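Chains as they are written, first to last, in the UniProt record's numbering: chain A, 1 to 289; chain B, 1 to 452; chain C, 1 to 274.
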Amino acid sequence: MRKRAWLGWLFAVPALVMYATFVLRPLLLTVQYSFYDWNGIGASTWVGLGNYRRLFTDSELFASILHAFELILFFSLIPVLLGLFVAATIRGIAQSRLATVARTVLFLPQVIPLVAAGIMWSWLLSSTGLANELLSAVGLDSLTRAWLGDFGTALPAVGVIGAWVLVGLCTLLLLAGMSKIDPALYEAARLDGAGPVREFASITLPSLRQEIGVCVTVTVIAALASFDIVYIATQGGPGNSTMVPGLEIYYLAFSEREVGMASALAVALVVLVLACVLPVQRLTRDGSR
Amino acid sequence: MGHGPLTSRFVRAALASSAVVAVAACSAPGGSSGTDNANASAAPVTSATCGTEPITLKGYFETGFPLPKELSTEFSKQFPNVKFDIREDQFAVITQNAPRVLADDPPDLMRLPQVSELVKDGLLKNLDGYAQVFGWDKWPASQLEQMRVSSTGERGDGPLYAMGLNFSMTGVFYNKKLAAQAGMTSPPATLAEFDTVLQKAKDAGITPINQFNGGATGGLAFPLQNLMSVYGEPGPINEWIYQKSGATIDTPSNLKAVQHLEKWIKAGYLAPDINSQDYATMMSRFIGGKNLFIFDGDWESGNLDKQMAGNVGFFLMPPLESGGKRAAMSAPLTYGISSKAKNADCAAFFLNWVAIDQKAREIAVKVGGSHPMGPADAYMPPVQQGTVTASTLAAGADIAKDNGAMDFIANATGAIYAKSWTPQLQKLAAGQQTPDALLESVQKDYESQVKK
Amino acid sequence: MIVNRRETLIGRVLLILLMAVTVIPFVSLFVTALHPAGTYPSGLSWPDHPQWGNFADAFRAANMGKLLLSSILIVLGVVPVSLLLGTMAGFAFGHLRVPGHRIGFVLFLLGLTLPFEGIITPLYYQIRDMGLLNTRWAIILPLIGLFMPFSVVWMRAHFVTMPGDLSEAARIDGAGTWQLFWRVHVPLAMPALSSLAILLFLWTWNQFLLAIVLVDDPAKRTMAGALGAFQGQWGTDIPLLCAGALLILVPTLAVFLVFQRRFVAALLQGSIKG
Numbered sequence: 001m002r003k004r005a006w007l008g009w010l011f012a013v014p015a016l017v018m019y020a021t022f023v024l025r026p027l028l029l030t031v032q033y034s035f036y037d038w039n040g041i042g043a044s045t046w047v048g049l050g051n052y053r054r055l056f057t058d059s060e061l062f063a064s065i066l067h068a069f070e071l072i073l074f075f076s077l078i079p080v081l082l083g084l085f086v087a088a089t090i091r092g093i094a095q096s097r098l099a100t101v102a103r104t105v106l107f108l109p110q111v112i113p114l115v116a117a118g119i120m121w122s123w124l125l126s127s128t129g130l131a132n133e134l135l136s137a138v139g140l141d142s143l144t145r146a147w148l149g150d151f152g153t154a155l156p157a158v159g160v161i162g163a164w165v166l167v168g169l170c171t172l173l174l175l176a177g178m179s180k181i182d183p184a185l186y187e188a189a190r191l192d193g194a195g196p197v198r199e200f201a202s203i204t205l206p207s208l209r210q211e212i213g214v215c216v217t218v219t220v221i222a223a224l225a226s227f228d229i230v231y232i233a234t235q236g237g238p239g240n241s242t243m244v245p246g247l248e249i250y251y252l253a254f255s256e257r258e259v260g261m262a263s264a265l266a267v268a269l270v271v272l273v274l275a276c277v278l279p280v281q282r283l284t285r286d287g288s289r
Numbered sequence: 001m002g003h004g005p006l007t008s009r010f011v012r013a014a015l016a017s018s019a020v021v022a023v024a025a026c027s028a029p030g031g032s033s034g035t036d037n038a039n040a041s042a043a044p045v046t047s048a049t050c051g052t053e054p055i056t057l058k059g060y061f062e063t064g065f066p067l068p069k070e071l072s073t074e075f076s077k078q079f080p081n082v083k084f085d086i087r088e089d090q091f092a093v094i095t096q097n098a099p100r101v102l103a104d105d106p107p108d109l110m111r112l113p114q115v116s117e118l119v120k121d122g123l124l125k126n127l128d129g130y131a132q133v134f135g136w137d138k139w140p141a142s143q144l145e146q147m148r149v150s151s152t153g154e155r156g157d158g159p160l161y162a163m164g165l166n167f168s169m170t171g172v173f174y175n176k177k178l179a180a181q182a183g184m185t186s187p188p189a190t191l192a193e194f195d196t197v198l199q200k201a202k203d204a205g206i207t208p209i210n211q212f213n214g215g216a217t218g219g220l221a222f223p224l225q226n227l228m229s230v231y232g233e234p235g236p237i238n239e240w241i242y243q244k245s246g247a248t249i250d251t252p253s254n255l256k257a258v259q260h261l262e263k264w265i266k267a268g269y270l271a272p273d274i275n276s277q278d279y280a281t282m283m284s285r286f287i288g289g290k291n292l293f294i295f296d297g298d299w300e301s302g303n304l305d306k307q308m309a310g311n312v313g314f315f316l317m318p319p320l321e322s323g324g325k326r327a328a329m330s331a332p333l334t335y336g337i338s339s340k341a342k343n344a345d346c347a348a349f350f351l352n353w354v355a356i357d358q359k360a361r362e363i364a365v366k367v368g369g370s371h372p373m374g375p376a377d378a379y380m381p382p383v384q385q386g387t388v389t390a391s392t393l394a395a396g397a398d399i400a401k402d403n404g405a406m407d408f409i410a411n412a413t414g415a416i417y418a419k420s421w422t423p424q425l426q427k428l429a430a431g432q433q434t435p436d437a438l439l440e441s442v443q444k445d446y447e448s449q450v451k452k
Numbered sequence: 001m002i003v004n005r006r007e008t009l010i011g012r013v014l015l016i017l018l019m020a021v022t023v024i025p026f027v028s029l030f031v032t033a034l035h036p037a038g039t040y041p042s043g044l045s046w047p048d049h050p051q052w053g054n055f056a057d058a059f060r061a062a063n064m065g066k067l068l069l070s071s072i073l074i075v076l077g078v079v080p081v082s083l084l085l086g087t088m089a090g091f092a093f094g095h096l097r098v099p100g101h102r103i104g105f106v107l108f109l110l111g112l113t114l115p116f117e118g119i120i121t122p123l124y125y126q127i128r129d130m131g132l133l134n135t136r137w138a139i140i141l142p143l144i145g146l147f148m149p150f151s152v153v154w155m156r157a158h159f160v161t162m163p164g165d166l167s168e169a170a171r172i173d174g175a176g177t178w179q180l181f182w183r184v185h186v187p188l189a190m191p192a193l194s195s196l197a198i199l200l201f202l203w204t205w206n207q208f209l210l211a212i213v214l215v216d217d218p219a220k221r222t223m224a225g226a227l228g229a230f231q232g233q234w235g236t237d238i239p240l241l242c243a244g245a246l247l248i249l250v251p252t253l254a255v256f257l258v259f260q261r262r263f264v265a266a267l268l269q270g271s272i273k274g
């Protein structure tokens with residue numbers, strides 16, 4: 001029996017081999033490279049923690065990390081809050097025809113490549129794009145600008161693209177969660193004279209703990225590891241104002257050939273994602289499991 | 001279960017080996033993959049042709065510029081055994097990809113960004129052998145100077161590592177109809193006159209200057225370098241670009257140039273959304289008559305003569321005082337051969353053909369708009385008078401007389417354009433950077449990049 | 001359920017608004033694609049003479065036939081193998097509960113949040129040294145590895161819910177472990193497998209970073225990677241770019257609309273479990 005139990009590992013070996021070869025090995029190598037100064041072609045020199053020190057002293061590198069956090073506002077906070085609001089409002093019509101159509105429509109941004117989202121929105125947000133046309137139409141000419149080319153608005157504009165991609169997913173996830181709440185709870189609350197706000201705070205929100213946790217996790221990872229949208233829409237500009245860690249790693253490793261520095265930033269990014277996601281998981285999953 | 005122990009041993013072995021895979025490579029990275037042929041002197045070449053066997057040249061060209069494609073088509077017509085397999089990207093992408101493509105997917109012919117680091121890493125073929133065979137060393141030396149790189153990475157001197165398809169010239173293009181509306185009857189003769197025209201255009205409700213400055217492409221470097229040569233000499237600027245030791249961009253005259261550019265920005269002489277415009281947007285607006293001036297190069301001459309026939313003019317940046325010496329960015333359209341290229345001989349033969357073949361020289365002028373490379377007395381295709389192509393070619397002669405040719409400040413190091421000029425100039429355009437801090441910051445980046 | 005009218009009305013308006021915001025970028029892309037090539041149309045204006053030919057031009061310029069084939073080959077290389085390996089490992093950890101299965105599972109769990117950027121640099125050199133750069137294998141093999149954490153965790157979650165009695169009965173009938181797996185458990189796992197297949201298809205098709213770093217030739221990339229190259233080459237011509245982008249979206253959108261129920265369900269479950 002004991003032998004047969006070990007035999008079961010045979011089933012796991014192929015998966016383990018692929019995972020080890022194409023994920024774990026590169027991951028360990030990333031850590032190793034991060035201690036070297038290497039241009040990817042010639043010989044390398046050991047620099048210890050030098051690259052990590054630069055990460056905190058080089059304002060440009062550090063700024064990319066701060067930008068990623070700013071993107072969390074748009075990729076996570078807005079989709080989750082907006083999703084909660086919309087889901088709560090349409091809960092009553094969740095079974096209607098309109099809602100069925102909405103399920104399909106709201107999912108469209110999830111299905112297309114982020115690259116396509118970047119192309120569409122670069123066009124919408126350009127100086128002659130639809131966003132400015134709408135503003136002009138309502139007499140707000142003074143606000144029109146090249147949204148992705150303006151220091152003040154470029155990062156938020158990238159954030160808006162991310163929010164557009166993620167808000168449908170969050171709304172539907174939360175709606176699905178709400179449909180599992182026992183309607184009797186709401187009936188009881190109404191009988192007690194609870195308004196929509198109290199109903200939301202005391203019934204909806206607590207029951208959705210797990211779904212909210214999922215939304216936050218998925219969107220926070222999307223924000224911290226963003227690459228596709230920024231690569232297409234701004235390439236990090238104007239003047240590094242939209243530089244994010246993912247793009248900086250790509251530039252450092254493949255165009256500036258600072259492989260060591262790129263690896264140190266990659267390690268920081270991996271750690272950062274874990275540091276943000278694990279507490280969320282802990283907070284939202286404990287109660288339900 | 002007789003085979004149990006054996007299988008379980010196999011399982012353990014497999015697990016252990018995957019663990020080994022995971023922690024393999026404990027030696028320092030890059031130890032073994034060093035390039036041995038780095039900076040090897042050119043092997044003697046006795047002849048270089050494309051032979052008669054079918055051959056496919058692998059090319060990596062720049063998007064939006066039809067010249068290399070037209071040349072390759074004509075070449076295939078004359079040498080039917082040669083075919084081209086061409087990949088295209090925008091210049092910024094080529095810059096990012098250059099080292100990796102040259103090392104790991106070597107093209108026979110490639111549009112090159114700044115070359116000194118590529119040479120230091122041994123990624124480009126030393127062309128001295130070909131230069132001797134084809135007699136390139138007898139051409140005017142200034143044509144090839146920018147593509148020579150010494151063993152320490154300084155440019156301007158040493159073995160030849162690239163070749164031009166033609167020799168381009170930059171300056172100011174203007175829309176004649178709008179110029180008339182702004183009261184400009186002849187090109188300005190001094191910088192002060194230029195400033196006056198800009199103000200008049202603005203007063204007349206015309207956007208004076210439009211320039212691409214978005215994404216990864218800081219096009220304000222064009223007017224900036226023109227202003228630098230107005231306030232200073234081209235010599236020190238070239239030394240900086242060539243990485244001569246002790247060279248600096250942070251000089252009093254360059255500071256005046258940045259301040260002047262800042263004055264233009266603050267006065268509203270530039271379109272408000274330059275930070276979001278790429279090169280193509282700038283061109284399409286200029287052709288559409290949306291602004292008076294752009295700072296650009298003669299590679300657009302052919303295109304502009306076609307799309308704005310009779311309505312486009314060109315002048316060199318005017319000097320401080322009337323009749324003063326003029327300077328301009330003027331550089332070969334550089335193409336190189338990977339040190340690992342399979343068909344280097346044929347690629348070199350092509351580069352030579354571009355310079356000496358009559359048909360190729362005609363294409364270089366008509367499609368490329370620029371002066372062909374080659375011997376000083378070589379065939380010069382006729383150009384119709386009154387076209388912008390004629391004026392850019394004439395400007396080339398003026399610059400040669402004033403000894404005012406400069407390479408582009410964006411070409412000083414591989415990363416200086418993307419990492420320093422572009423973000424800094426975008427900040428300047430947005431009023432978020434001061435002229436002195438701009439130069440100081442670019443110089444700091446430059447020093448750290450040159451040291452490597 | 002008592003829901004008052006006003007609430008329903010607000011709900012409907014809000015939902016329509018959200019749908020409009022979702023759809024407008026697609027509409028703008030479509031309208032722009034109909035303008036004459038080389039122009040800079042503004043906003044949502046309908047062109048005087050819609051240029052339907054732009055789509056044909058973009059199809060030719062982007063070499064769409066080749067791109068489709070390439071993406072399909074990559075999907076065929078990635079999805080079936082990932083499904084098989086993920087299911088086997090999920091079975092070992094979730095159902096057989098092999099000794100030390102917790103450690104194995106946690107190892108995969110750790111990979112669940114890993115951003116691809118975290119390993120892209122060494123991966124490049126590894127693929128180069130394997131001589132696979134610029135081949136479809138450069139995308140296929142790493143993607144299988146990168147999909148393992150999710151596939152294993154997903155399938156384990158399914159197998160954990162399978163009652164042990166089922167296997168006991170089969171074993172009494174003399175089935176070996178492989179037969180037990182292949183004949184009994186895989187058929188039962190079909191719903192979980194098909195959802196996973198949909199997710200993996202989508203993630204492969206839309207993979208961008210690996211494609212642009214590891215494969216230079218757009219004709220050997222995924223659709224998203226090819227779109228990136230298309231933007232690089234034709235970004236100077238907005239209507240053509242929009243037409244190309246739309247064409248590249250069509251296959252995914254078609255597959256999505258056909259399988260939309262499964263898609264939505266898969267994506268919702270996928271996020272919950274992920």
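Backbone N, C-alpha and C define an ideal beta-carbon position, used for all residues, glycine too. No experiment lies behind these values; they were computed from the predicted model shown.
Buried versus exposed call for residue i [16 or more other C-beta atoms within 10 Å across all chains shown]
i        : result
Trp46/A  : exposed
Ala344/B : buried
Thr161/C : exposed
Ser32/B  : No answer about Ser32/B holds up, because its pLDDT of 44 lies below 50 and its placement is not dependable.
Gly34/B  : Caution applies to Gly34/B, whose pLDDT of 41 falls short of 50 and renders its modelled position unreliable; the model cannot decide the point.
Met155/C : buried
Phe75/B  : buried
Trp123/A : buried
Arg282/A : exposed
Cutoff 7 Å: residue i Cβ touching any chain C Cβ
i             : result
Asn39/B       : Confidence at Asn39/B is low in this model, with a pLDDT of 44, below 50, so its placement is unreliable and the value that follows should be read with caution. No, Asn39/B does not count as interfacial toward chain C.
Ser284/B      : yes
Ala275/A      : no
residue 318/A : Lying before the first or after the last residue shown, residue 318/A is absent from chain A, which here runs from 1 to 289.
Phe56/A       : no
Asp141/A      : no
Host alpha helix (DSSP H) of residue i (start-end)
i        : result
Phe91/C  : Met64 to Phe91
Lys263/B : Pro252 to Lys266
Lys177/B : Lys176 to Gln181
7 Å Cβ cutoff, residue i in contact with chain B
i             : result
Arg128/C      : yes
residue 291/A : No answer is possible for residue 291/A: it lies beyond the span of chain A, which begins at 1 and ends at 289.
Leu96/C       : no
Proximity test, Cβ basis, 7 Å: residue i and chain A
i        : result
Gly214/B : yes
Gly164/C : no
Limits of the unbroken beta strand (DSSP E) element including residue i
i        : result
Phe295/B : Asn291 to Gly297
Val23/A  : Run containing Val23/A: none; DSSP gives neither H nor E here.
Asp157/B : Arg155 to Leu160
The region 210-223 of chain C: positions lying closer than 8 Å to chain B by Cβ:
Here the close residues are Asp216 and Asp217.
Any alpha helix (DSSP H) of 4 or more consecutive residues that is wholly inside the region 95-158 of chain C
Taking only runs of at least 4 residues, the alpha helix (DSSP H) segments lying wholly in the region 95-158 of chain C are 101-110 and 120-129.
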